[in-house]
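Here is the structure we will look at, set down as structure tokens.
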Amino acid sequence: MSSVNLQSLEDLRGTLIRRGIPPRYVHRVTTELREHAEDLSENDESDDASLGEFSALADEITHTYQARTFAGRHPWFVFGILSLPFTIITYVAWLFVSVVTATFEIQPLLKGHDFAKAFVMIVTQVSVTVVPSILCTWAICRVARRAGLHWKRVMLACVPVMLMALHLVSGIHFEPTAEMHGSIHFGLCLPWIGNYVNLFGWQQPVQAAIPVLILVGMMARESRRSLELEHFQSQCAV
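Take the sequence shown: its letter number 109 is residue 139 in the working numbering, and every next letter is one higher.
Okay, here's the thing in structure tokens:
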């Protein structure tokens, strides 16, 4: 196969990876195209006919891969509409499980250990404000990656997660009694407004920054892995 076709395959490989197609799938497709072009070259076919039009070929491969999953076939529905109820359900479910577990399962085992009870409630408060956003962001990134979608769709789906984290407030109140009775509260409120002002009002912005950091970290990790794999496969193909 000519160097022109080799360069075309390398360009196609880079284009597909930038579109979000997993590098392993890209490697398999480009390997099949390379073998197909070599077979045609042995039969004295033209090099241009072996690969076809570049952009159309990239579009066809992208569409074929994305059509394998529901999220790939309906990205706007999954990441634009379902992301909001998914976020709400995740927060509510984690809140219910955490509070019920801490109140009815752990607290009865800590009778006479008031500081241990207080520690459990503090951990519960922190987990409710942090863990759901981590789970939502991770799940959205995983679904988008498996569907071969661009990170722009992921950022759109993470907007409800960031908004929920930005507005979620929590607080713990301990009564000055011998038994250290207290209560834990959760609600929705704008930052620096209302009675729930923790960390000098920066608790909610910090909560909203968590999914952003996770998203950026996963994007950077995936980009680095893609570049490393692309470079390795390019070296093997030479």
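Cβ coordinates follow ideal geometry from the N, Cα and C atoms, glycine included.
- For Val191 and Ile164, the gap between their C-alpha atoms comes out near 9 Å.
- Minimum Cα-Cα distance from Met248 among the listed residues Leu198, Met185, Val199, Ser200 corresponds to Met185.
- Here the alpha carbons of Gly44 and Val242 stand approximately 26 Å from one another.
- Of Glu40, Leu179, Ala148, Leu220, the smallest CA-CA separation from Val199 is found for Leu220.
- Considering only Tyr55, Leu245, Val108, Gly201, the residue with the shortest C-alpha distance to Thr159 is Gly201.
- For Thr120, the uninterrupted alpha helix (DSSP H) run begins and ends at 113-130, by DSSP.
- Between the stretch 111-124 and the stretch 143-156 there are fewer than three C-beta pairs closer than 8 Å, too few to call the two in contact.
- Between Cys171 and Leu114 the beta-carbon gap is near 17 Å, outside 8 Å, which marks them as no contact.
- DSSP places Ile51 outside both helix and strand once states are collapsed to three, so it counts as coil.
- In the structure shown, Gly217 falls within a strand segment according to DSSP collapsed to helix, strand and coil.
- Boundaries of the alpha helix (DSSP H) harbouring Gly102: 100-103, taken from the DSSP string.
- Note on His57: 16 or more other CB atoms within 10 angstroms of its CB, so buried under the neighbour-count rule.
- Taking all protein chains shown into account, Arg48 has fewer than 16 neighbouring C-beta atoms within 10 Å of its C-beta and is therefore exposed.
- Under the three-state reduction of DSSP, Leu198 is assigned to strand.
- The beta carbon of Gln155 sits closer than 7 Å to those of Ser200, Ile202, Ile214, all from its chain and outside the five residues before and after it, given in chain order.
- A distance below 8 Å separates the beta carbons of Thr99 and Arg176.
- Leaving aside the five residues that flank Val173 on each side, the residues in its chain whose CB is nearer than 6 Å to its CB run, in chain order, Ala101.
- Put simply, of Leu46, Leu218, Phe109 the residue whose alpha carbon is nearest the alpha carbon of His197 is Leu218.
- Here the C-alpha atom of Phe134 lies approximately 39 Å from the C-alpha atom of Phe107.
- Shown here for Trp168: same chain residues with a beta carbon closer than 8 Å to its own, the five before and five after excluded, namely Ile244, Met248 in chain order.
- With a contact defined as Cβ atoms closer than 8 Å, Leu87 and Thr60 miss out at about 10 Å.
- Leu63 carries a helical assignment under DSSP once its states are collapsed to helix, strand and coil.
- Sequence-distant partners of Gln234 (beyond 5 residues in either direction) whose C-beta falls short of 6 Å from its own C-beta, in its chain, are Leu196, Pro221.
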